[in-house]
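Visitor:
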Amino acid sequence: MKKQRPVNLDLNTIKFPPSAISSILHRVTGVAMFFALLFVIWAWAVSVSSPEGFANVQALMDGLIGKIIAIGTASALTYHILGGIRHGIMDMGHWEELESGNLSAQVVIGLWVVLTVVIGVALW
Amino acid sequence: MVTNQASIKRNGVQDYVSLRATAVIIAVYTFFMAGFFITTEEITFDVWQGLFSGIAMKVFTLAALVSIMIHVRIGLWQVLTDYVKPTGLRATIQYVLNIIAFVYVAAGLFVLWGV
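Protein chains in written order, with our numbering: chain A, 208 to 331; chain H, 5 to 119.
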């Protein structure tokens, strides 16, 4: 770059808009679920195949690690579906303006936090 | 033509439609399973195995798994092309991840077979 351009390195003044946070969360939860499926499909396969396997998975789900994986996966899936519904509505031409796009992102993130707490309490 | 065949993505419109079509199936499956967990008072082994023993549920589950494979193929491509720039590395990662996605479907099929 030959031109002298102003560079803003004061990171405290730079903030992602809600729509950007929504976008990255959609990606993170999607990738996370891909790997979480390893546990989900394994647990499903074992639990559905024999009563012993069912008991084993049930015991695992009562443990700390099992609960963390279950709640984490459910939370990621919840966000991904909420974000997906938002994308579907945007496909139909709504919430595409700066203001409405950021508002819908904030609503989706807020709803996700609430639902995660509900799921967390229910599964714990 | 060659570029089209060699690139790991295929057609933008096809990807767009496939991503949404599969998303709907996965979402409906999720809502169904959530409903099952919420409305079933006590999930025992018999209830759990009984759920997956009917042909309709087997088809539904397999449809969801195949949808996940297609959805993941497009979604991971979108993410990887943004963050992994060297083509060889990206192709390798995608190759491995798509095999894992296939394993999910195949494992699911054989489990459903035995229930």
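C-beta: ideal position from N, C-alpha, C; glycine also. Since the structure is predicted, the reported quantities are computational estimates derived from the model, not experimental observations.
Is Lys62 (chain H) helix, strand or coil when you go by DSSP?
Guide: Counting from one through the second sequence, the residue named residue 62 (chain H) turns up at place 58. Reduced to three states, the DSSP call for Lys62 (chain H) is helix.
Visitor: Let me know if Tyr99 (chain H) comes out buried or exposed under the rule of 16 or more other beta-carbons within 10 Å of its beta-carbon.
Guide: The residue you call residue 99 (chain H) lines up with position 95 of the second sequence. Answer is exposed; the Cβ neighbour count stays below 16.
Visitor: Any beta-carbon of chain H closer than 8 Å to the one on Thr267 (chain A)?
Guide: Position 60 of the first sequence, counted from the start, is the residue given in the question as residue 267 (chain A). One point to set straight first is that residue 267 (chain A) is Leu, not Thr, in the sequence displayed. Cβ-Cβ to chain H under 8 Å: no for Leu267 (chain A).
Visitor: When the Cβ atoms of the segment 87–95 of chain H are set against those of the segment 42–49 of chain H, are three or more pairs found closer than 8 Å?
Guide: As far as the Cβ criterion goes, the segment 87–95 of chain H does not touch the segment 42–49 of chain H, which means the pair count is below three.
Visitor: Using 8 Å as the limit for Cβ to Cβ distance, is Thr43 (chain H) near chain A?
Guide: Your numbering for residue 43 (chain H) matches position 39 in the second sequence. No, its Cβ sits nowhere closer than 8 Å to a Cβ of chain A.
Visitor: For Ile97 (chain H), which of helix, strand or coil comes out of DSSP?
Guide: Sequence index remark: in the second sequence, residue 97 (chain H) carries index 93 (1-based). In this structure, Ile97 (chain H) counts as helix in the three-state DSSP scheme.
Visitor: Is there contact here, the segment 281–296 of chain A with the segment 222–240 of chain A, by at least three beta-carbon pairs under 8 Å?
Guide: Yes, they touch.
Visitor: Verify whether the separation of the beta carbon atoms of Val336 (chain A) and Phe56 (chain H) is less than 8 Å.
Guide: The shown model of chain A, from 208 to 331, leaves out residue 336 (chain A), and the question about it has no answer.
Visitor: Nearest CA to the CA of Trp249 (chain A): which residue from A:Ser230, A:Pro224, A:Ala277 and A:Lys222?
Guide: What you label residue 249 (chain A) is simply residue 42 of the first sequence in a count that begins at 1. Nearest option by C-alpha distance: A:Ala277.
Visitor: Which same chain residues, not among the five before or five after Thr26 (chain H), have their C-beta less than 6 Å away from its C-beta?
Guide: Taking the second sequence and counting its residues from 1, one reaches residue 26 (chain H) at position 22. Contacts found: Ser71, Ile74 and His75.
Visitor: By Cβ distance, which residues of its chain are closer than 7 Å to Leu84 (chain H), with the 5 residues on each side in sequence left out?
Guide: For the purposes of this step, residue 84 (chain H) is identified with residue 80 of the second sequence, where counting begins at 1. Correct list, in chain order: Arg94, Ile97 and Gln98.
Visitor: State the Cα-Cα distance for the pair Thr43 (chain H) and Phe36 (chain H), rounded to the nearest angstrom.
Guide: Position 39 of the second sequence holds residue 43 (chain H). Position 32 of the second sequence holds residue 36 (chain H). Near 10 Å, if we compare the C-alpha coordinates of Phe36 (chain H) and Thr43 (chain H).
Visitor: Under a CB-based cut-off of 8 Å, is Gly237 (chain A) close to chain H?
Guide: Position 30 of the first sequence holds residue 237 (chain A). It does: the Cβ of Gly237 (chain A) has a partner Cβ on chain H nearer than 8 Å.
Visitor: Which residue from A:Phe242, A:Val253 and A:Val315 puts its Cα closest to that of Thr280 (chain A)?
Guide: Taking the first sequence and counting its residues from 1, the one referred to as residue 280 (chain A) is at position 73. Checking every option, the nearest Cα to that of Thr280 (chain A) belongs to A:Phe242.
Visitor: Short of 7 Å Cβ to Cβ, which residues in the segment 102–114 of chain H face chain A?
Guide: For the segment 102–114 of chain H, which is checked against every Cβ of chain A, the residues closer than 7 Å are Tyr108, Ala111 and Gly112.
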